[in-house]
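According to my numbering, the sequence shown holds residues 1 to 451 in order. We put the beta carbon where it would ideally sit given N, CA and C, even for glycine. These figures come from a predicted structure and were not determined experimentally. Each remark here refers to the structure printed beneath this line.
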Amino acid sequence: MLGTEFKELLAKYLAKTPKSREAFEEVSRYVPGAVGSAIQFFKPYPIFGLRGYGSRIWDVDGNEYIDYCMSYGAMTAGHRNPSIVEAIVNVVKEYGTLLGMPSPLVGELAKEISSRIPDIEMIRFTNSGAEATMYAIRLARALTGRDKIVKMEGAYHGAHDYLLISDKPISIKILGSYDEPRSVPDSLGTPQDVVKLTLTTHFNDVDSLEKLFKQFGNEIAAVITEPVQTNMGVIPPEENYLKELRRLCDYYGAFLIFDEVKTGFNASSSAAYLEYGVRADLVVLGKVVGGGTPLAAFGGRREFMENITPVGRVVHYGTYNANPLCVAAGLAALKKVFTPEAHERMKNLNYELFKGVNDAVEDSKIVASTIVKGNMGAIYFGLDKPPRNFREAYRVDKNMWYEYWIAMLVEGIIPYGGAWFEEWFVSAMHTREDIEKTIEAYHKVLKIIRE
1 MLGTEFKELL AKYLAKTPKS REAFEEVSRY VPGAVGSAIQ FFKPYPIFGL
51 RGYGSRIWDV DGNEYIDYCM SYGAMTAGHR NPSIVEAIVN VVKEYGTLLG
101 MPSPLVGELA KEISSRIPDI EMIRFTNSGA EATMYAIRLA RALTGRDKIV
151 KMEGAYHGAH DYLLISDKPI SIKILGSYDE PRSVPDSLGT PQDVVKLTLT
201 THFNDVDSLE KLFKQFGNEI AAVITEPVQT NMGVIPPEEN YLKELRRLCD
251 YYGAFLIFDE VKTGFNASSS AAYLEYGVRA DLVVLGKVVG GGTPLAAFGG
301 RREFMENITP VGRVVHYGTY NANPLCVAAG LAALKKVFTP EAHERMKNLN
351 YELFKGVNDA VEDSKIVAST IVKGNMGAIY FGLDKPPRNF REAYRVDKNM
401 WYEYWIAMLV EGIIPYGGAW FEEWFVSAMH TREDIEKTIE AYHKVLKIIR
451 E
């Protein structure tokens, strides 16, 4: 139970954000939950943003925050990064926002991505990561003649019916036993016939996946996974795990799809899976590749991608796909912001944050563990070591996390996306001063939580 001390903390949040509360009540009359996406909501009401710059966000009450949500990894170039703003302004002046026809910019961005992720010989652009995963599994199904898809329990790959399965259940119990995990839809309105086509396994558990292949091997079109799991904090693969995935997919004739929507150019300076010595059949990208605009992509070997319309018969449409505005922002992000040198700087700042958070945990004597990968990180309250899969991550002390969340907001820090299973991101525009202020806040907040 959340105690008296937390009620005092919550009162501080309410006193700090009266205009956000007013906005919430007004917008709620017209927009369910007053948010554009359910992930933006938290109790008692979300902060309503006014503007952002660099590593900072200002809300409608005029409060300033150091931001580590960074729009769930999409804004790790930094809010209003000058290079990206300049690219957007110039392309709108020269091209407009939407032409309804291809532009040379598309080829430039495709070439840039291919040069940094060699398995992507050809690529198609979409407007969101969810669309990109949907098209990737469509292509895998078409080329294998099979229907079933395997995903990791707890993993999020977009809100479409095929993959919004066994993601964040209302209770862990409905997922079945560890040895016999059940596929459970996250949303009402998901047809049971669709649910049956999605099988779930446990990250970092080769035996669990091999068991599925032995049972359904000739029906499985693809395994889709993040190489480093997000949306359950940050969980890297254990040694040789991804190589074993590659081996099993090859043996049973299934595609291996790496979802790099969050991890691409964040967990690594290119695609995170490349660090582990494996090859992908298809790769899904998003967030960073659009420089904070709605752009995503799926790509892979030429022999696979040439089956997409109009060359082949696997359909891919979209009015806004590869529009000049988003493509120009993506080009600026990859060429001018997310250089290998810039990623090294982000990684180093993130490691400083990691060390500082660990010191705060030890100083406060609370039970928690932390982990970082690239410019991403997570803290697991109530766990004395980082988890290796979703079942372990779910044991997080969610009340303690909520106390931490509200307390950090009061201190002027947005430490995460607004849920226990999210992660933090250090952007290209965070500074050492930001890190130092954040570590100070952690020391203060974790002592409050302990008390």
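If you check the beta carbons only, do residue i and residue j fall under 8 Å apart?
| i | j | result |
| --- | --- | --- |
| residue 285 | residue 140 | no |
| residue 248 | residue 276 | no |
| residue 292 | residue 74 | yes |
| residue 297 | residue 413 | no |
| residue 225 | residue 245 | yes |
| residue 204 | residue 237 | yes |
| residue 474 | residue 114 | As displayed, the chain neither begins before 1 nor continues past 451, which places residue 474 out of reach and without an answer. |
| residue 198 | residue 168 | no |
| residue 353 | residue 426 | yes |
| residue 84 | residue 333 | yes |
| residue 421 | residue 129 | no |
| residue 148 | residue 220 | yes |
| residue 497 | residue 307 | The first residue shown for the chain is 1 and the last is 451, placing residue 497 beyond what the model contains. |
| residue 88 | residue 428 | no |
Can you list, in chain order, the residues of its chain with a C-beta nearer than 6 Å to that of residue i? Leave out the 5 residues immediately preceding and following it.
| i | result |
| --- | --- |
| residue 45 | 21 and 24 |
| residue 434 | 55 and 66 |
| residue 1 | With a pLDDT of only 46 at residue 1, under the threshold of 50, the placement of this residue in the model should not be trusted; the figure read from the coordinates follows. Closer than 6 Å at Cβ, skipping near neighbours: no residue. |
| residue 374 | 266, 267, 268 and 347 |
| residue 330 | 109, 289, 290, 291 and 295 |
| residue 213 | 248 and 252 |
| residue 186 | 164 and 167 |
| residue 393 | 232, 233 and 387 |
| residue 176 | 182 |
Does DSSP put residue i in a helix, a strand or coil?
| i | result |
| --- | --- |
| residue 51 | strand |
| residue 365 | coil |
| residue 443 | helix |
| residue 20 | helix |
| residue 223 | strand |
| residue 376 | strand |
| residue 428 | coil |
| residue 414 | strand |
| residue 1 | Confidence at residue 1 is low in this model, with a pLDDT of 46, below 50, so the placement of that residue should be treated as unreliable; the coordinate-derived value is given next. It is coil, neither helix nor strand. |
| residue 137 | helix |
| residue 117 | coil |
| residue 13 | helix |
| residue 391 | helix |
| residue 420 | coil |
| residue 359 | helix |
| residue 319 | coil |
| residue 438 | helix |
| residue 104 | helix |
| residue 44 | coil |
| residue 29 | coil |
| residue 344 | helix |
| residue 324 | helix |
| residue 331 | helix |
| residue 396 | coil |
| residue 338 | coil |
| residue 402 | helix |
For residue i, which residues from the same chain have a beta carbon less than 7 Å from its beta carbon, with the 5 sequence-adjacent residues on both sides left out?
| i | result |
| --- | --- |
| residue 451 | 5 |
| residue 365 | 450 |
| residue 253 | 144 |
| residue 397 | 381 and 382 |
| residue 64 | 56, 58 and 412 |
| residue 384 | 367 and 369 |
| residue 28 | 34 |
| residue 430 | 55 and 349 |
| residue 321 | 125, 126 and 127 |
| residue 377 | 234, 350, 353, 354, 370, 371, 423 and 424 |
| residue 50 | 58, 59 and 60 |
| residue 195 | 165, 183 and 185 |
In the DSSP assignment, what are the bridge partners of residue i?
| i | result |
| --- | --- |
| residue 381 | 368 |
| residue 296 | 126 |
| residue 456 | Past the edges of the chain, shown from 1 to 451, lies residue 456, and the structure says nothing about it. |
| residue 229 | 235 |
Which same chain residues end up closer than 8 Å to residue i when comparing Cβ atoms and leaving out the 5 residues on each side of it in sequence?
| i | result |
| --- | --- |
| residue 448 | 5, 9, 403 and 407 |
| residue 52 | 58, 67, 75, 79 and 80 |
| residue 13 | 44, 406, 409 and 410 |
| residue 456 | The structure shown has nothing for residue 456, since the chain only spans 1 to 451. |
Quick check for students: name the residue ranges of the beta strand (DSSP E) that lie wholly in the stretch 143 to 180, counting only runs of 3 or more.
148 to 152
Extract the residue ranges of the beta strand (DSSP E) inside the stretch 182 to 209, only unbroken runs of 3 or more that lie entirely within it.
198 to 201
Those runs of the alpha helix (DSSP H) which lie wholly inside the stretch 236 to 289 and span at least 4 residues
241 to 252
Within the stretch 48 to 91, note down every full beta strand (DSSP E) run reaching 3 residues or more, in order along the chain.
For the stretch 48 to 91, whole beta strand (DSSP E) runs of length 3 or above, ordered along the chain, are 49 to 53, 56 to 59 and 64 to 67.
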